[in-house]
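Note that the protein sequences, when read in sequence, are chains P and Y. Under the UniProt record's numbering, the first residue of the first sequence is numbered 1, with each subsequent residue one higher. Under the UniProt record's numbering, the first residue of the second sequence is numbered 1, with each subsequent residue one higher. All remarks here apply to the structure that follows.
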Amino acid sequence: MDAVCTFCGNVCDDVEFDVNTQKGKRFCALGLAKFREKERIKSPMIDGKEASYEEAIEKAADILVSSKKPLLYGWASTVNEAIRYGVLLTEKVRGVYDQCASVCHAPGTLAVIEEGIPGGSLGAIKNRADVVIFWGSNPLEAHPRHPTRYSVMAKGFLINDRKDRKVIVVDVRKTKSAKMADKFIQIKPGYDYAIISALRALVKGEDIEANEVGGVPKEELAELADMMKNAKYGVILYGLGVTQSRGRDRNIENAVKLIQLLNRYARWIIWPMRGHYNVVGAGEVPAWEVGYQYAIDFSRGYPRFSPAEFSAVEMLLRRDCDAMLVVSSDPAAHFPRRAVEHMKNIPVIQIDPFPNMTTLLSNVVIPSAVAGIEAEGWAYRMDGIPLRVKKLVDSPYWSDEKILKEMLRIVEEKLEG
Amino acid sequence: MIEVEIISGRTIDQGKTVEEKLSEEYFKAVSYCEINETDFKKLGLKEGDRVKVKTEFGEVVVFAKIGELPRGVIFIPMGPYANQVISDDTDGTGMPRFKGVKGTVVKTEEDVKSVRELLGVE
Ligand code: SF4
Chain P
1 MDAVCTFCGN
11 VCDDVEFDVN
21 TQKGKRFCAL
31 GLAKFREKER
41 IKSPMIDGKE
51 ASYEEAIEKA
61 ADILVSSKKP
71 LLYGWASTVN
81 EAIRYGVLLT
91 EKVRGVYDQC
101 ASVCHAPGTL
111 AVIEEGIPGG
121 SLGAIKNRAD
131 VVIFWGSNPL
141 EAHPRHPTRY
151 SVMAKGFLIN
161 DRKDRKVIVV
171 DVRKTKSAKM
181 ADKFIQIKPG
191 YDYAIISALR
201 ALVKGEDIEA
211 NEVGGVPKEE
221 LAELADMMKN
231 AKYGVILYGL
241 GVTQSRGRDR
251 NIENAVKLIQ
261 LLNRYARWII
271 WPMRGHYNVV
281 GAGEVPAWEV
291 GYQYAIDFSR
301 GYPRFSPAEF
311 SAVEMLLRRD
321 CDAMLVVSSD
331 PAAHFPRRAV
341 EHMKNIPVIQ
351 IDPFPNMTTL
361 LSNVVIPSAV
371 AGIEAEGWAY
381 RMDGIPLRVK
391 KLVDSPYWSD
401 EKILKEMLRI
411 VEEKLEG
Chain Y
1 MIEVEIISGR
11 TIDQGKTVEE
21 KLSEEYFKAV
31 SYCEINETDF
41 KKLGLKEGDR
51 VKVKTEFGEV
61 VVFAKIGELP
71 RGVIFIPMGP
81 YANQVISDDT
91 DGTGMPRFKG
101 VKGTVVKTEE
111 DVKSVRELLG
121 VE
């Protein structure tokens, strides 16, 4: 059956999957692992005991309504329709909405607020890009089909074959992706900002005094600056190597400034390599509803944005939330140790298809259908293009959309009660 | 003991098992660290030995492997093991520092904990 892959931000819409034989076509190893059958959360549970959907949703609504400041977190691996109910629910219970990007690409959002983003689509990259720089990103392990479909081997209107494209990888490790590049530039951890600043100077035609910056010799930087100036259509595709290292949002701000400067000489764009299939939606949906992408507090009855106060990690570190709803995400596995500690002190509700580390801490567990296999809906590809993900098979599990719609209805009833 | 900078990040095996976090495969995919070959020998390690990684934010025991890294840099796949030692300071952005945290590595005889033991739940 024609399918749309719901693992990574590529959201490949050319794949096929047969649910009966469990075989797929054109998937990468990650997508195939996603679509294969695996252990599921068998039934809704309250404090470790099996319950019905109705009972578990009722209990979850009780927890949300009786808490002072609940944190509603996750959202990157579900569809826009479910996320929308999540935003409405957060507003109703006067909680805080935060999403996976807050530990991933959100520093880029802060940079975009300051500088804007000179961006483009994956289609434009495929058709036009003759210089492609992967900076702190490792597509062969995180987005395995990105190089073949869009950015390296892909043929396009102006790109006849691989030789028409120069591919550069900038990273602290010689990753698998470094090996597919024409040139690998190895930098010291935490020196992205300094290197970008040096490139800005060189592109402007200024000299730099140092002989090397962040482990890269001046001549190599000058060569790179030259190649950037002479591109017809260049792109920097950056990953978490840039957002999670020293400098965080400032690194992206500096990179956007470099792109603005390059656009005086050539056409250049910059774009983040987004991870989960709908992590873009987890930011776009609240942005259309309330104006902000993450770290949104509704406790005063209107939305306020402040990552220093309302991002999930900050909320947990300061013990600022007294309940948590986790949707399609696993913060117990992916947050720093001290943030996870607070999750053990408060009631946690989980909505997810698969048992994970957050399940082990949750008081209420509500299993859901897997979007793209058992449920359908809209998702944004990493470049902001909306795609409809499919339902291939009926399942006994409720979709995230149905669970959250029902939870919102019961919460409203209780609040009016 | 050697001093290191710790990097965490995605690997293909971490991605393949990320929806099976309570499985042996996930445990294998995330409970190791890669060390430069010279550093690995200096620590007196053989493949399969364990090391204790320590930072000001915590400590963790993981399996040791040789990896293609510069001296003084180690790599732990993103996940619960890396998260014991990375920096929880977000600098006001919400983003912890998952990459480039300073710490130390020593050889140890201690066991690598399961994900349940790491969380402190049974
Ligand atoms: S590249 Fe991403 S979206 Fe495409 S098949 Fe692989 S995991 Fe799925």
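Built from N, CA and C at the ideal position, the CB exists for glycine as well.
Verify whether the separation of the beta carbon atoms of residue i and residue j is less than 8 Å.
i                      : j                      : result
residue 68 of chain P  : residue 96 of chain P  : no
residue 221 of chain P : residue 237 of chain P : no
residue 382 of chain P : residue 315 of chain P : no
residue 44 of chain P  : residue 51 of chain P  : yes
residue 358 of chain P : residue 331 of chain P : yes
residue 116 of chain P : residue 270 of chain P : no
residue 15 of chain Y  : residue 30 of chain P  : yes
residue 2 of chain Y   : residue 54 of chain Y  : no
residue 413 of chain P : residue 395 of chain P : no
residue 3 of chain P   : residue 279 of chain P : no
residue 63 of chain P  : residue 364 of chain P : yes
residue 124 of chain P : residue 256 of chain P : no
residue 151 of chain P : residue 129 of chain P : yes
residue 145 of chain P : residue 12 of chain P  : yes
residue 370 of chain P : residue 353 of chain P : yes
residue 311 of chain P : residue 295 of chain P : yes
residue 313 of chain P : residue 350 of chain P : no
residue 35 of chain Y  : residue 85 of chain Y  : no
residue 319 of chain P : residue 69 of chain Y  : no
residue 79 of chain P  : residue 389 of chain P : yes
In angstroms with no decimal places, state the Cα-to-Cα distance between residue i and residue j.
i                      : j                      : result
residue 136 of chain P : residue 171 of chain P : 5 Å
residue 99 of chain P  : residue 341 of chain P : 19 Å
residue 193 of chain P : residue 260 of chain P : 16 Å
residue 328 of chain P : residue 94 of chain Y  : 19 Å
residue 167 of chain P : residue 227 of chain P : 11 Å
residue 38 of chain P  : residue 21 of chain Y  : 11 Å
residue 81 of chain P  : residue 386 of chain P : 12 Å
residue 25 of chain Y  : residue 74 of chain Y  : 22 Å
residue 4 of chain Y   : residue 45 of chain Y  : 16 Å
residue 189 of chain P : residue 103 of chain Y : 14 Å
residue 159 of chain P : residue 40 of chain Y  : 44 Å
residue 109 of chain Y : residue 107 of chain P : 39 Å
residue 300 of chain P : residue 92 of chain P  : 11 Å
residue 107 of chain Y : residue 51 of chain Y  : 4 Å
residue 12 of chain Y  : residue 333 of chain P : 17 Å
residue 61 of chain Y  : residue 83 of chain Y  : 12 Å
residue 277 of chain P : residue 400 of chain P : 15 Å
residue 420 of chain P : residue 416 of chain P : Nothing about residue 420 of chain P can be reported from this structure: the residues present for chain P run from 1 to 417 only.
residue 148 of chain P : residue 155 of chain P : 9 Å
Could you tell me the boundaries of the alpha helix (DSSP H) in which residue i lies?
i                      : result
residue 373 of chain P : Looking at the DSSP string, residue 373 of chain P is not in any alpha helix (DSSP H), and its letter there is neither H nor E.
residue 19 of chain P  : Element bounds for residue 19 of chain P: n/a, residue is neither H nor E.
residue 316 of chain P : 312–317
residue 122 of chain P : 122–128
residue 228 of chain P : 218–229
residue 64 of chain Y  : First-last for residue 64 of chain Y: 58–66, but that is the beta strand (DSSP E), not the alpha helix (DSSP H).
residue 81 of chain Y  : Element bounds for residue 81 of chain Y: n/a, residue is neither H nor E.
residue 86 of chain P  : 80–92
residue 120 of chain Y : Here residue 120 of chain Y belongs to no alpha helix (DSSP H), and DSSP marks it neither H nor E.
residue 39 of chain Y  : 37–42
Kindly give me the distance between the Cβ atoms of residue i and residue j, rounded to whole angstroms, as I take these residues to be in contact under 8 Å.
i                      : j                      : result
residue 99 of chain Y  : residue 244 of chain P : 5 Å
residue 5 of chain P   : residue 19 of chain P  : At roughly 14 Å, the Cβ-Cβ gap does not stay under 8 Å, so residue 5 of chain P and residue 19 of chain P are not in contact.
residue 87 of chain P  : residue 411 of chain P : 13 Å between Cβ atoms; not a contact.
residue 392 of chain P : residue 85 of chain P  : Not confirmed; about 23 Å, so no contact.
Determine the extent of the beta strand (DSSP E) in which residue i is found, giving its start and end residues.
i                      : result
residue 238 of chain P : 233–238
residue 168 of chain P : 166–171
residue 107 of chain Y : 99–108
residue 364 of chain P : 364–367
residue 35 of chain P  : No beta strand (DSSP E) contains residue 35 of chain P, which is instead part of the alpha helix (DSSP H) from 29–35.
residue 294 of chain P : Element bounds for residue 294 of chain P: n/a, residue is neither H nor E.
residue 112 of chain Y : It is not in any beta strand (DSSP E) - residue 112 of chain Y carries neither H nor E in the DSSP assignment.
residue 8 of chain Y   : 2–9
residue 97 of chain P  : 96–99
Listed from N- to C-terminal order along the chain, which residues in the stretch 80–99 of chain Y have their beta-carbon within a distance smaller than 7 Å of any beta-carbon of chain P? 80, 83, 84, 86, 88, 90, 91, 92, 93, 94, 95, 96, 97, 98 and 99
Taking a cut of 8 Å between CB atoms, which residues from the stretch 312–330 of chain P lie near chain Y? 312, 313, 314, 317 and 330
Against chain Y, which members of the stretch 370–397 of chain P pass a CB distance test of less than 8 Å? none
Beta carbons nearer than 7 Å to chain Y: which residues of the stretch 253–286 of chain P have them? none
Could you list the residues in the stretch 231–252 of chain P with a C-beta less than 8 Å from some C-beta on chain Y, going in chain order? 240, 241, 243, 244, 245, 246, 248 and 249
Along the stretch 184–203 of chain P, what residues have a CB closer than 9 Å to any CB found in chain Y? 186, 188, 189 and 190
Using a Cβ-Cβ cut-off of less than 7 Å, give me the residues of the stretch 106–122 of chain Y that come near chain P, in sequence order. 115, 116, 119 and 121
Listed from N- to C-terminal order along the chain, which residues in the stretch 125–140 of chain P have their beta-carbon within a distance smaller than 9 Å of any beta-carbon of chain Y? 136, 138 and 140
Chain Y contacts from the stretch 3–29 of chain P (Cβ-Cβ distance under 7 Å): 29
Compile a chain-ordered list of the residues in the stretch 102–120 of chain P whose CB is closer than 7 Å to at least one CB of chain Y. 102, 103, 106, 107 and 110
Residues of the stretch 336–354 of chain P in Cβ contact with chain Y at a cutoff of 8 Å, in chain order, please. 336, 337, 338, 339, 340, 344, 353 and 354
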